[in-house]
Amino acid sequence: MLVVILGAGGHGQVVADILFNMWRNGRDLEIYGFLDDDPTLTGTSVMGIKVLGSRDILGELSHDALVAAIGDNTVRKSFFESLSETEVFIPAIHPSAVIAPDVQVKSGAMVCAGAIINPGTSIGSNAIVNTGALLDHHNKIGAHSHVAPGVNLGGNVTVGEGAFIGIGASVIPGITIGAGAIVGAGAVVVRDIPAAETWVGVPAHKLG
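All residue numbers for the sequence shown refer to this note's numbering, where the first residue is 192 and numbers rise by one.
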(Lines of atoms letter the chains of each structure in order from A; the text may use other names.)
(Lines give C-alpha, C1' and ligand atoms only; values in the text may rest on other atoms or scores of the structure.)
Protein backbone atom coordinates (compact mmCIF):
# COMPACT_ATOMS: atom_id res chain seq x y z
CA MET A 192 0.00 0.00 0.00
CA LEU A 193 1.45 3.34 -1.09
CA VAL A 194 0.57 6.12 1.34
CA VAL A 195 0.81 9.86 0.69
CA ILE A 196 1.18 12.15 3.71
CA LEU A 197 -0.58 15.51 3.42
CA GLY A 198 1.64 17.98 5.26
CA ALA A 199 5.42 17.91 5.75
CA GLY A 200 5.53 20.03 8.92
CA GLY A 201 6.05 18.89 12.48
CA HIS A 202 2.95 16.74 12.73
CA GLY A 203 3.56 15.36 9.24
CA GLN A 204 6.94 14.13 10.42
CA VAL A 205 5.35 12.54 13.49
CA VAL A 206 2.92 10.70 11.20
CA ALA A 207 5.79 9.62 8.93
CA ASP A 208 7.44 8.07 11.99
CA ILE A 209 4.17 6.30 12.88
CA LEU A 210 3.86 4.86 9.38
CA PHE A 211 7.50 3.77 9.38
CA ASN A 212 7.00 1.94 12.66
CA MET A 213 3.80 0.35 11.36
CA TRP A 214 5.81 -0.95 8.39
CA ARG A 215 8.59 -2.15 10.67
CA ASN A 216 5.95 -3.95 12.71
CA GLY A 217 4.74 -5.91 9.68
CA ARG A 218 2.13 -3.68 8.03
CA ASP A 219 2.12 -3.79 4.25
CA LEU A 220 2.60 -0.11 3.54
CA GLU A 221 5.15 2.25 2.05
CA ILE A 222 5.39 6.02 2.29
CA TYR A 223 5.15 7.44 -1.24
CA GLY A 224 6.05 10.97 -0.16
CA PHE A 225 4.79 14.21 1.33
CA LEU A 226 2.51 16.76 -0.30
CA ASP A 227 2.74 20.28 1.10
CA ASP A 228 1.34 23.56 -0.21
CA ASP A 229 4.52 25.43 0.77
CA PRO A 230 6.24 25.80 -2.63
CA THR A 231 9.67 26.18 -1.02
CA LEU A 232 9.51 22.56 0.14
CA THR A 233 8.85 20.99 -3.28
CA GLY A 234 11.76 18.81 -4.31
CA THR A 235 13.33 18.76 -0.85
CA SER A 236 13.53 15.77 1.48
CA VAL A 237 12.16 15.60 5.01
CA MET A 238 13.29 12.65 7.13
CA GLY A 239 14.64 11.19 3.90
CA ILE A 240 11.17 11.33 2.32
CA LYS A 241 10.64 13.48 -0.76
CA VAL A 242 8.24 16.41 -0.79
CA LEU A 243 6.58 15.78 -4.14
CA GLY A 244 4.73 19.06 -4.51
CA SER A 245 1.43 20.62 -3.49
CA ARG A 246 -1.95 18.94 -3.00
CA ASP A 247 -2.80 19.94 -6.59
CA ILE A 248 -0.69 17.08 -8.01
CA LEU A 249 -2.41 14.36 -5.96
CA GLY A 250 -4.38 13.16 -8.99
CA GLU A 251 -1.13 12.55 -10.87
CA LEU A 252 0.22 10.14 -8.24
CA SER A 253 -0.40 6.41 -8.32
CA HIS A 254 -1.16 5.81 -4.65
CA ASP A 255 -3.48 3.81 -2.44
CA ALA A 256 -4.22 5.93 0.62
CA LEU A 257 -3.71 9.23 2.44
CA VAL A 258 -3.18 10.58 5.92
CA ALA A 259 -3.98 14.26 6.55
CA ALA A 260 -1.05 15.03 8.86
CA ILE A 261 -1.81 18.66 9.71
CA GLY A 262 -2.03 19.88 13.29
CA ASP A 263 -4.54 22.67 12.69
CA ASN A 264 -8.02 21.17 13.08
CA THR A 265 -9.75 23.49 10.62
CA VAL A 266 -7.20 22.97 7.84
CA ARG A 267 -7.08 19.21 8.42
CA LYS A 268 -10.88 18.99 8.29
CA SER A 269 -10.94 20.95 5.02
CA PHE A 270 -8.42 18.58 3.41
CA PHE A 271 -10.25 15.50 4.67
CA GLU A 272 -13.71 16.59 3.60
CA SER A 273 -12.62 17.82 0.18
CA LEU A 274 -10.94 14.51 -0.63
CA SER A 275 -12.88 11.85 1.28
CA GLU A 276 -15.29 11.05 -1.55
CA THR A 277 -12.47 10.11 -3.92
CA GLU A 278 -9.63 9.06 -1.62
CA VAL A 279 -9.03 6.42 1.05
CA PHE A 280 -7.82 7.77 4.40
CA ILE A 281 -6.19 5.17 6.60
CA PRO A 282 -5.72 5.40 10.37
CA ALA A 283 -2.11 5.83 11.49
CA ILE A 284 -1.56 4.02 14.79
CA HIS A 285 1.87 3.79 16.40
CA PRO A 286 2.64 0.21 17.48
CA SER A 287 3.61 1.43 20.96
CA ALA A 288 0.09 2.74 21.62
CA VAL A 289 -1.91 0.59 24.06
CA ILE A 290 -5.42 0.23 22.66
CA ALA A 291 -8.20 -1.98 24.04
CA PRO A 292 -9.54 -4.53 21.54
CA ASP A 293 -12.98 -2.92 21.25
CA VAL A 294 -11.74 0.63 20.60
CA GLN A 295 -12.94 2.08 17.29
CA VAL A 296 -10.38 4.13 15.37
CA LYS A 297 -12.07 5.61 12.32
CA SER A 298 -10.72 6.61 8.92
CA GLY A 299 -7.76 8.94 8.86
CA ALA A 300 -7.39 9.14 12.64
CA MET A 301 -3.89 9.33 14.13
CA VAL A 302 -2.83 7.69 17.40
CA CYS A 303 0.71 8.62 18.36
CA ALA A 304 3.43 6.86 20.33
CA GLY A 305 2.68 5.92 23.92
CA ALA A 306 -1.02 6.78 23.86
CA ILE A 307 -3.28 4.63 26.06
CA ILE A 308 -6.90 4.16 24.99
CA ASN A 309 -9.14 2.11 27.25
CA PRO A 310 -12.25 0.00 26.48
CA GLY A 311 -15.41 1.41 24.98
CA THR A 312 -13.70 4.43 23.45
CA SER A 313 -14.16 5.66 19.88
CA ILE A 314 -11.81 7.93 17.94
CA GLY A 315 -13.54 9.90 15.19
CA SER A 316 -12.40 10.28 11.62
CA ASN A 317 -9.33 12.48 11.07
CA ALA A 318 -8.87 13.05 14.82
CA ILE A 319 -5.48 13.15 16.55
CA VAL A 320 -4.67 11.41 19.83
CA ASN A 321 -1.17 12.69 20.37
CA THR A 322 1.92 11.38 22.12
CA GLY A 323 1.37 9.91 25.57
CA ALA A 324 -2.29 10.90 25.86
CA LEU A 325 -4.38 8.76 28.22
CA LEU A 326 -8.04 8.18 27.39
CA ASP A 327 -9.94 6.19 29.97
CA HIS A 328 -12.99 4.01 29.26
CA HIS A 329 -15.93 4.99 27.03
CA ASN A 330 -14.57 8.25 25.71
CA LYS A 331 -16.03 9.67 22.50
CA ILE A 332 -13.50 11.67 20.53
CA GLY A 333 -15.15 13.65 17.74
CA ALA A 334 -14.01 13.86 14.15
CA HIS A 335 -11.26 16.37 13.34
CA SER A 336 -10.48 16.98 17.03
CA HIS A 337 -7.02 17.02 18.60
CA VAL A 338 -6.09 15.57 21.98
CA ALA A 339 -2.59 16.95 22.56
CA PRO A 340 0.43 15.21 24.15
CA GLY A 341 0.10 14.22 27.78
CA VAL A 342 -3.64 14.88 28.08
CA ASN A 343 -5.56 12.81 30.63
CA LEU A 344 -9.25 12.16 30.03
CA GLY A 345 -11.33 10.39 32.67
CA GLY A 346 -14.02 7.91 31.80
CA ASN A 347 -17.10 8.81 29.74
CA VAL A 348 -15.65 12.06 28.41
CA THR A 349 -17.07 13.40 25.16
CA VAL A 350 -14.89 15.62 22.96
CA GLY A 351 -16.87 17.39 20.26
CA GLU A 352 -15.98 17.65 16.59
CA GLY A 353 -13.00 19.89 15.95
CA ALA A 354 -12.27 20.55 19.63
CA PHE A 355 -8.68 21.01 20.83
CA ILE A 356 -7.41 19.91 24.24
CA GLY A 357 -4.00 21.41 25.02
CA ILE A 358 -0.85 19.73 26.29
CA GLY A 359 -1.11 18.19 29.73
CA ALA A 360 -4.75 19.12 30.34
CA SER A 361 -6.89 16.89 32.54
CA VAL A 362 -10.63 16.28 32.25
CA ILE A 363 -12.62 14.61 35.04
CA PRO A 364 -15.04 11.78 34.19
CA GLY A 365 -18.36 12.47 32.52
CA ILE A 366 -17.47 15.87 31.05
CA THR A 367 -18.60 17.04 27.61
CA ILE A 368 -16.37 19.42 25.64
CA GLY A 369 -18.35 21.07 22.87
CA ALA A 370 -17.56 21.18 19.18
CA GLY A 371 -14.77 23.59 18.30
CA ALA A 372 -13.95 24.34 21.94
CA ILE A 373 -10.36 24.93 23.08
CA VAL A 374 -8.93 23.74 26.39
CA GLY A 375 -5.66 25.43 27.34
CA ALA A 376 -2.47 23.59 28.22
CA GLY A 377 -2.42 22.25 31.77
CA ALA A 378 -6.07 23.11 32.42
CA VAL A 379 -8.16 20.97 34.76
CA VAL A 380 -11.70 20.67 33.42
CA VAL A 381 -14.37 19.99 36.04
CA ARG A 382 -17.44 21.37 34.20
CA ASP A 383 -18.90 20.91 30.74
CA ILE A 384 -17.52 23.34 28.15
CA PRO A 385 -19.93 24.76 25.56
CA ALA A 386 -19.13 24.69 21.86
CA ALA A 387 -16.58 27.16 20.47
CA GLU A 388 -15.47 28.50 23.86
CA THR A 389 -11.89 28.68 25.19
CA TRP A 390 -11.29 27.56 28.75
CA VAL A 391 -8.02 27.77 30.71
CA GLY A 392 -6.66 27.38 34.22
CA VAL A 393 -7.10 25.26 37.33
CA PRO A 394 -9.97 24.72 37.64
CA ALA A 395 -10.69 25.61 34.03
CA HIS A 396 -12.78 28.73 33.41
CA LYS A 397 -13.95 30.55 30.33
CA LEU A 398 -11.34 32.89 28.86
CA GLY A 399 -12.65 36.43 28.62
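Where a beta carbon is used, it is the ideal one built from N, C-alpha and C, also for glycine.
Here the structure is a predicted model, which is why all the values come from computation and not from measurement.
Whole-angstrom distance between residue j and residue i, CA atom to CA atom
{"i": "Leu249", "j": "Gly224", "result": "11 Å"}
{"i": "Ile368", "j": "Arg267", "result": "20 Å"}
{"i": "Val374", "j": "Ser298", "result": "25 Å"}
{"i": "Trp390", "j": "Ile222", "result": "38 Å"}
{"i": "Val362", "j": "Val302", "result": "19 Å"}
{"i": "Val237", "j": "Thr231", "result": "12 Å"}
{"i": "Pro310", "j": "Ile332", "result": "13 Å"}
{"i": "Phe271", "j": "Val194", "result": "15 Å"}
{"i": "Val379", "j": "Gly359", "result": "9 Å"}
{"i": "His396", "j": "Ala372", "result": "12 Å"}
{"i": "Thr235", "j": "Asp293", "result": "41 Å"}
{"i": "Leu398", "j": "Val381", "result": "15 Å"}
Residue j beta carbon less than 7 Å from that of residue i
{"i": "Gly441", "j": "Gly357", "result": "Nothing in the structure corresponds to residue 441, since the chain is present only between 192 and 399."}
{"i": "Leu226", "j": "Leu243", "result": "yes"}
{"i": "Thr312", "j": "Leu326", "result": "yes"}
{"i": "Pro364", "j": "Gly345", "result": "yes"}
{"i": "His408", "j": "Ala259", "result": "Outside the modelled stretch of the chain, which goes from 192 to 399, sits residue 408, for which no answer is possible."}
Local Cβ density within 10 Å of residue i, reported as buried at 16 or more and exposed below that
{"i": "Ala387", "result": "exposed"}
{"i": "Met282", "result": "Sequence inspection shows Pro at residue 282; the Met mentioned does not correspond to that position. Answer is buried; the Cβ neighbour count reaches 16."}
{"i": "Ala291", "result": "exposed"}
{"i": "Glu401", "result": "Absent from the model: residue 401. The displayed extent of the chain is 192 to 399, so no value can be given."}
{"i": "Val289", "result": "exposed"}
{"i": "Glu276", "result": "exposed"}
{"i": "Leu210", "result": "buried"}
{"i": "Ser253", "result": "exposed"}
{"i": "Asn321", "result": "buried"}
{"i": "Ser336", "result": "buried"}
{"i": "Ser316", "result": "buried"}
- Please go through the segment 203-280 and give each complete alpha helix (DSSP H) segment of 4 or more residues, from N-terminal end onward. 264-274
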